[in-house]
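In the working numbering, the protein residues as written are 22 to 449.
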């Protein structure tokens, strides 16, 4: 092609010319456009970017921060609106767009209406009821990810699960998450996973996108597959503001796929810290019990009953000795009195007094023998024994049971015994 004598324009000049043409068109300077919001995004700068679409076409739109501050509602994907603004070209990209000055609601879009219709019907059937929600396993051993194998979402989930809980085995079940066949593939994959006995948790979802991109998770087939699943299901679809029918039916909704991985498994660092804390508490509890046991042992070691089992016998021996001394003094006084009387009467009644003296001596001997027979030591010496349980003397079979420990006192020591059985008898 010969360009001699023909003007050659730069891309910037062409784009600038188109912009000037559009800016000079009074129709495009201020017009109302009705459509359905799609691909809506609000950036930190405060500017709003979205598209308006109908059945056949789509128009890029931008609403700057100043105009957006006057909005009385929050735009959302699927919402039908009427936008007022000017159409112009952006020279850098060569694309034209609608610069919105005002935005007004114009009823619901087709997708929004379909979403609400299905949501109300499934809710009436009870698919969203809390009592149907299954608890998630605290320490899952095998997790199935029903998602696209090529997206960033699956990589994020695998990375987070590997870092938080590497003990879990992760099975990626590849499906399409966008398009006409996506819902059917997702539902079929959930049914297949339920046929396995080793899977304990399912995470299904995808990364962010427009309302249309996420629509597979608003299909009834996916909702019913999640509801019929015997395995707990986490729905992790899109970004935090995105809500799908799958979120309502699932046992747990995650704001994002990454959040789904965080909710699915515990953090190994936190679990290790918790186990260390429990171990320390257990060690303190055991040490406390041992210390209390030692104190109780020291107390028992110092008790009088353990210091000497002969102490009760010694106490009674001292009592017997005291009684013996008192009796001896009484008898000695009586004998002395009798001797004086005998001396006075000996001359007159020598034979009678001598006989009386013999009788008294015999009586005294009987008293002494009887007193000696009452001594516990004499009883032990004759082959008998005294059974004690603690500080109490056992005098009847009804006082003990099989398995009780007894101390049996004999003449030369103590026998430590265990009652194997008992037989009650009446000795006559």
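C-beta: ideal position from N, C-alpha, C; glycine also. All figures in this text were calculated on a predicted structure; none of them were measured in a lab.
Helix, strand or coil for residue 252, going by three-state DSSP, please let me know.
coil
Hey, quick one: how far does the beta strand (DSSP E) through residue 110 stretch, first residue to last?
100 to 111
Closer than 7 angstroms by C-beta to residue 186: which residues in its own chain qualify, once you throw out the five before and the five after it? Chain order, please.
286, 287, 289
Residue 196 in three-state terms, based on DSSP:
coil
Find out if the Cβ-Cβ distance for the pair residue 172, residue 259 is shorter than 9 angstroms.
no
Less than 8 angstroms between the CB atoms is what I'm expecting for residue 100 and residue 133, so what's the real figure, rounded?
6 angstroms
Between 89, 138, 142, which lies nearest to residue 122 when the distance is taken from Cα to Cα?
89
Given 8 angstroms, three or more beta-carbon pairs between the segment 138 to 156 and the segment 106 to 125:
no
Residues of its chain near residue 84, where Cβ-Cβ distance is below 6 angstroms and the 5 sequence neighbours each way are ignored:
69, 121
DSSP beta-bridge partners for residue 123?
105
Cα-Cα separation, residue 249 to residue 291:
33 angstroms
Reduced DSSP category for residue 354 - H, G, I as helix; E, B as strand; rest coil:
helix
Local conformation of residue 212 per DSSP, three classes
helix
Should residue 107 and residue 269 be called a contact, given that it needs their Cβ atoms to be closer than 9 angstroms?
no
Would DSSP call residue 117 helix, strand or coil?
strand
Does the segment 215 to 224 come close enough to the segment 156 to 171 to have 3 or more Cβ pairs within less than 8 angstroms?
yes
To the nearest angstrom, report how far apart residue 76 and residue 58 are at their CA atoms.
12 angstroms
Could you tell me which of 346, 136, 299, 336 sits nearest to residue 237, measuring between CA atoms?
136
Span of the beta strand (DSSP E) around residue 53:
52 to 63
If we call anything under 9 angstroms between Cβ atoms a contact, is residue 254 one with residue 272?
yes
Give every residue of the same chain whose Cβ lies closer than 7 angstroms to the Cβ of residue 154, excluding the five residues on either side of it in the sequence, and list them in chain order.
272
My assumption, with CB atoms under 8 angstroms, is that residue 276 sits in contact with residue 256. Please give the rounded CB distance.
Actually they are not in contact, since the Cβ atoms of residue 276 and residue 256 sit about 10 angstroms apart, beyond 8 angstroms.
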